[in-house]
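Following: one structure in structure tokens, then a few remarks.
Residue numbers (this note's numbering): 107 to 245.
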């Protein structure tokens, strides 16, 4: 594990003891980022079948994965009140790239507000989404 990869998890706001739910994993997911999240949080990521409340949901999403609205509403099902959804999408020019306008259009309908975007990994951009209630309490 490199310092850079644990830094990637820190940029996502991952802290020790957090419950991180992972959705949309596939073979193209960035394993270094996944390993960093597990190392920093101190536990394995939980999947969609968990009964735990997630502090962070990591949602890997590609253009052909289906309905983004459905995926985002599923992502907030087990999200803590102050939780964050990180929508990870392939960067521009990569297979499965999602146009930013698609996220901007769908997120509010799913009850989420976009707060920032980062380069999350070599081939993945991260879009930070929060519920409007969480956005208000952070001001």
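Backbone N, C-alpha and C fix where the C-beta goes; we use that ideal spot for every residue, glycine too.
Just so we're clear, the structure is a prediction, and the values are computed from it rather than from any experiment.
Just measuring C-alpha positions, the residue of 122, 163, 126, 142 sitting nearest residue 115 is 142. In the three-state reduction of the DSSP assignment, residue 162 falls in the strand class.
With a threshold of 16 other beta carbon atoms within 10 Å, residue 128 meets it and is buried. The shortest C-alpha to C-alpha distance from residue 199 to any of 229, 126, 207 is the one to 229. The three-state secondary structure of residue 200, taken from DSSP, is coil. For residue 126, there is no enclosing alpha helix (DSSP H); the enclosing beta strand (DSSP E) has its first and last residue at 126-129.
Membership of residue 233 in the beta strand (DSSP E) is indicated by the continuous run 230-236. By the Cβ rule, the region 156-173 counts as touching the region 191-198, because three or more pairs are nearer than 8 Å. Contact between residue 224 and residue 117 holds: their C-beta atoms lie close to 6 Å from each other, under 8 Å. One alpha carbon belongs to residue 217, the other to residue 186, and they sit about 14 Å apart.
Residue state for residue 221 is assigned as strand, using DSSP reduced to three classes. Non-local C-beta neighbours of residue 161 in its own chain, meaning closer than 6 Å and more than five positions away in sequence, comprise 124, 125, 186, 189, ordered along the chain. Just measuring C-alpha positions, the residue of 170, 120, 172 sitting nearest residue 149 is 120.
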